[in-house]
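Visitor:
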């Protein structure tokens, strides 16, 4: 599954490619920027990938903190798959 990556306060929001970030997420993590890019769900390491998939199933979005994003190079992964 492809995931949208949105830059937001304190990190990044991820949602399924077919969806924008839900209102609940955009209000909780303001300000939320436009779609930064895409990542494949299996690109982050397994523990984070599993948490992201579970969060998206439960609430239609996942939050990844700046420190987590830096460790897995999330911004660089997202730039490799720009949203067209």
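Residue numbers (this note's numbering): 256 to 339.
Every residue gets a Cβ at the ideal spot worked out from N, C-alpha and C, and that includes glycine.
If you reduce the DSSP assignment to three classes, tell me which class residue 308 lands in.
Guide: Here residue 308 refers to the residue found at position 53 of the chain shown. Three-state DSSP puts residue 308 in a helix.
Visitor: Let me make sure I understand the geometry here. Which of 307, 266, 325 has the alpha-carbon closest to that of residue 257?
Guide: In the chain shown, counting from the first residue as 1, residue 257 sits at position 2. Selected option, being the one with the closest Cα: 307.
Visitor: Residue 321 lies in the alpha helix (DSSP H); which residues open and close that run?
Guide: As a first step, residue 321 must be located in the chain shown, where it is residue number 66. Start and end: 321-327.
Visitor: Ordered along the chain, which non-local residues of its own chain (more than five positions away) have a Cβ less than 7 Å from that of residue 334?
Guide: As a first step, residue 334 is located in the chain shown; it is residue number 79 there, counting from the start. Same-chain partners within the cutoff: 292.
Visitor: With a threshold of 16 other CB atoms inside 10 Å of the CB of residue 268, please say whether the residue is buried or exposed.
Guide: If you number the chain shown from 1, residue 268 lands on position 13. Per the 10 Å Cβ criterion, buried.
Visitor: Relative to the C-alpha of residue 282, which residue among 274, 295, 299, 263 is closest?
Guide: Position 27 of the chain shown, counted from the start, is the residue given in the question as residue 282. Nearest option by C-alpha distance: 263.
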